[in-house]
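Sequential numbering of the sequence shown, starting at 1292, is according to the working numbering. Glycine is no exception: its CB is placed at the ideal position from the N, C-alpha and C atoms.
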Amino acid sequence: MGGRRGERRRGRARREGPRQAAPLHRARDPGDPVTTLPDDRGRFGDYGGRFVPETLIPALDELEAAWRAARGDEVFQRELDDLLRRFAGRPTPLGDARRLSADAGGCRVVLKREDLCHTGAHKINNTLGQVLLARRMGKKRIIAETGAGQHGVATATAAALFGLPCEVYMGALDVERQALNVFRMQLLGARVVPVESGSRTLKDAMNEAIRAWVTNVRDTHYIIGSVAGPHPYPAMVRDFQAVIGDEARAQVQELCGRLPDAVVACVGGGSNAMGIFSAFVSDPGVKLVGVEAAGRGLASGEHGASLTKGRPGVLHGSRSYVLQTPEGQIAEAHSISAGLDYPGVGPELAYLKDEGRLTVTSATDAEALEALQYLARTEGIIPALESAHAVAAALPLARELGPGGLLMVNVSGRGDKDVEQVRRALAALAAPPGRKAKPKAARPARRSAR
């Protein structure tokens, strides 16, 4: 979806001169904007905007108008708040990771437990908000893309709650490695469409979902699952996910008496990261750490580290850091985590990186697997593979902060969906060199002697 006609029509493709950095965050009341960005053209500095076909401009204008009106509508905000509390299970707890803290040499590590949300991840915060908006706009059908399947499950859940038909596009490779979530979506009444094109992962699922939206734009709402895509999606999804940070900020001050020294979150497209970072971005004493997927190693080229290894470009209607080939084509991403297997990143995270406000690191597939096992065995929590990347970066950072330090980690989802994939990956690692691990055959039942 690289067409730029909509951007040109509004004069948005024009390069702009240097600008003063806008304040990033302010104290707010419920329903108020989370930050002063993006500007009125959907820009976060040099990133964001709308690079879309003309046919989508009216739909995006309609969505932006509905979103802005809903932010100031007390009835909408009360209904969303009620759904988040009574249906999604908010607020999610913030608690101490005591054994992890001990291993880190005394730095206090606290976990924001988005894995305890209904459907198993933070994604439900956004889908409930967007389905309410779809109903407000009179839309009759919901479509979505998904990688790990959590956004697909959350979308199917919200659509079922409101009695709307739902179609979810999912890369065929992700369909294979996330079979449990595919069944959950189908159980919720959604139609899952495997996408066989390209790398058969999240990028390709998003391409197909956008194509489907273009041809059914009058009666269909497209729920993007991350802080990516054309304006207003990056800001709108961030605002729906800001409940994570709003809760965490209040909780950490109640639990620990102060703000954390650092907040860590995994970064694919970036919705869980922007959700928790949004409450701390104006606090210079709080380090924001985004953990990307290093895959098989940054030097291998097989990774999903767009902020680390990408360069500015346009993907899915927005300008941000994008993994590209030397010729400027979109490169294939890789991660053991389907939710981080994406060659782009939300434009606000790109802006925060350039401003020096976001520290970017990464974790390999092997490090994420190790972190998943570590958290399971020390804290009794099986995190999603996405969240395991954040956990992998947390332990060395906690050791660096040392005694008296305070580190917050966002556990964006639970690992039920990943257990079979993790089992296979660990079996492969344990297999002798040159041999593929095979699952043990079931032992035949012993016949009765009688």
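Run of the alpha helix (DSSP H) containing residue i, from where it starts to where it stops
{"i": "valine 1473", "result": "1470 to 1478"}
{"i": "isoleucine 1621", "result": "Taken as a continuous stretch (DSSP letters only), isoleucine 1621 belongs to no alpha helix (DSSP H), as it is neither H nor E."}
{"i": "arginine 1381", "result": "Looking at the DSSP string, arginine 1381 is not in any alpha helix (DSSP H), and its letter there is neither H nor E."}
{"i": "alanine 1553", "result": "Looking at the DSSP string, alanine 1553 is not in any alpha helix (DSSP H); the run it does join, the beta strand (DSSP E), is 1553 to 1557."}
{"i": "leucine 1606", "result": "Looking at the DSSP string, leucine 1606 is not in any alpha helix (DSSP H); the run it does join, the beta strand (DSSP E), is 1602 to 1606."}
{"i": "histidine 1442", "result": "1441 to 1452"}
{"i": "leucine 1391", "result": "1389 to 1394"}
As assigned by DSSP and simplified to three states, the class of residue i
{"i": "proline 1687", "result": "helix"}
{"i": "serine 1611", "result": "strand"}
{"i": "arginine 1715", "result": "helix"}
{"i": "asparagine 1507", "result": "coil"}
{"i": "glycine 1489", "result": "coil"}
{"i": "arginine 1743", "result": "One cannot answer for residue 1743 here, as it falls past the ends of the chain, which runs 1292 to 1741."}
{"i": "phenylalanine 1335", "result": "strand"}
{"i": "methionine 1699", "result": "strand"}
{"i": "alanine 1668", "result": "According to the sequence as given, residue 1668 is arginine; it is not alanine. Residue state, collapsed to three classes: helix."}
{"i": "valine 1768", "result": "Because the chain is modelled from 1292 through 1741, residue 1768 falls outside the range shown and cannot be assessed."}
{"i": "valine 1651", "result": "strand"}
{"i": "valine 1682", "result": "helix"}
{"i": "cysteine 1457", "result": "strand"}
{"i": "isoleucine 1535", "result": "helix"}
{"i": "arginine 1359", "result": "helix"}
{"i": "arginine 1549", "result": "coil"}
{"i": "alanine 1722", "result": "coil"}
{"i": "alanine 1412", "result": "strand"}
{"i": "glycine 1704", "result": "strand"}
{"i": "methionine 1565", "result": "helix"}
{"i": "isoleucine 1514", "result": "strand"}
{"i": "glycine 1630", "result": "helix"}
Distance, residue j Cα to residue i Cα
{"i": "glutamate 1691", "j": "proline 1456", "result": "50 Å"}
{"i": "arginine 1427", "j": "tryptophan 1358", "result": "10 Å"}
{"i": "glycine 1386", "j": "valine 1473", "result": "31 Å"}
{"i": "arginine 1610", "j": "alanine 1722", "result": "43 Å"}
{"i": "valine 1459", "j": "glycine 1516", "result": "11 Å"}
{"i": "alanine 1596", "j": "glutamine 1469", "result": "22 Å"}
{"i": "arginine 1705", "j": "aspartate 1552", "result": "25 Å"}
{"i": "leucine 1351", "j": "glutamine 1664", "result": "43 Å"}
{"i": "proline 1382", "j": "glycine 1566", "result": "14 Å"}
{"i": "alanine 1439", "j": "serine 1628", "result": "7 Å"}
{"i": "glycine 1397", "j": "arginine 1502", "result": "51 Å"}
{"i": "valine 1484", "j": "glutamate 1499", "result": "9 Å"}
{"i": "leucine 1424", "j": "glycine 1693", "result": "45 Å"}
{"i": "valine 1582", "j": "lysine 1600", "result": "13 Å"}
{"i": "phenylalanine 1531", "j": "asparagine 1417", "result": "5 Å"}
{"i": "valine 1702", "j": "glycine 1560", "result": "16 Å"}
Exposure of residue i, with buried meaning 16 or more beta-carbon neighbours within 10 Å
{"i": "glycine 1340", "result": "buried"}
{"i": "serine 1488", "result": "exposed"}
{"i": "valine 1366", "result": "exposed"}
{"i": "glutamine 1477", "result": "exposed"}
{"i": "arginine 1668", "result": "exposed"}
{"i": "leucine 1402", "result": "buried"}
{"i": "glutamate 1545", "result": "exposed"}
{"i": "aspartate 1510", "result": "exposed"}
{"i": "arginine 1377", "result": "exposed"}
{"i": "phenylalanine 1453", "result": "exposed"}
{"i": "glutamine 1620", "result": "exposed"}
{"i": "leucine 1720", "result": "exposed"}
{"i": "lysine 1431", "result": "exposed"}
{"i": "serine 1678", "result": "buried"}
{"i": "proline 1384", "result": "exposed"}
Candidates the options: closest to residue i by CA position
{"i": "threonine 1655", "options": "Ala1584, Ala1533 and Ala1681", "result": "Ala1584"}
{"i": "alanine 1395", "options": "Leu1688, Ile1433, Ser1597 and Pro1617", "result": "Leu1688"}
{"i": "glutamate 1711", "options": "Leu1471, Cys1547, Val1702 and Arg1482", "result": "Leu1471"}
{"i": "valine 1505", "options": "Asp1530, Ala1564 and Pro1349", "result": "Pro1349"}
{"i": "glutamate 1538", "options": "Ala1570, Pro1523, Gly1559 and Val1518", "result": "Ala1570"}
{"i": "valine 1486", "options": "Asp1465, Leu1479 and Gly1480", "result": "Asp1465"}
{"i": "proline 1525", "options": "Glu1639, Ile1514 and Ala1449", "result": "Glu1639"}
{"i": "leucine 1391", "options": "Glu1467, Arg1491 and Ala1684", "result": "Ala1684"}
{"i": "glutamate 1355", "options": "Gln1421, Ala1590, Ala1496 and Ala1447", "result": "Gln1421"}
{"i": "glycine 1647", "options": "Leu1598, Leu1676, Ala1675 and Glu1658", "result": "Leu1598"}
{"i": "alanine 1662", "options": "Leu1649, Gln1368, Ala1681 and Asp1645", "result": "Ala1681"}
{"i": "serine 1562", "options": "Arg1332, Gly1462 and Ile1415", "result": "Ile1415"}
{"i": "glutamate 1658", "options": "Val1528, Leu1589 and Leu1643", "result": "Leu1589"}
{"i": "lysine 1494", "options": "Arg1332, Tyr1612, Met1461 and Leu1666", "result": "Met1461"}
{"i": "glycine 1592", "options": "Val1572, Gly1604 and Pro1617", "result": "Pro1617"}
{"i": "histidine 1522", "options": "Ala1716, Asp1330, Leu1717 and Thr1326", "result": "Asp1330"}
N-terminal and C-terminal residue of the beta strand (DSSP E) that residue i is part of
{"i": "lysine 1578", "result": "1578 to 1586"}
{"i": "leucine 1402", "result": "1399 to 1404"}
{"i": "alanine 1435", "result": "1432 to 1437"}
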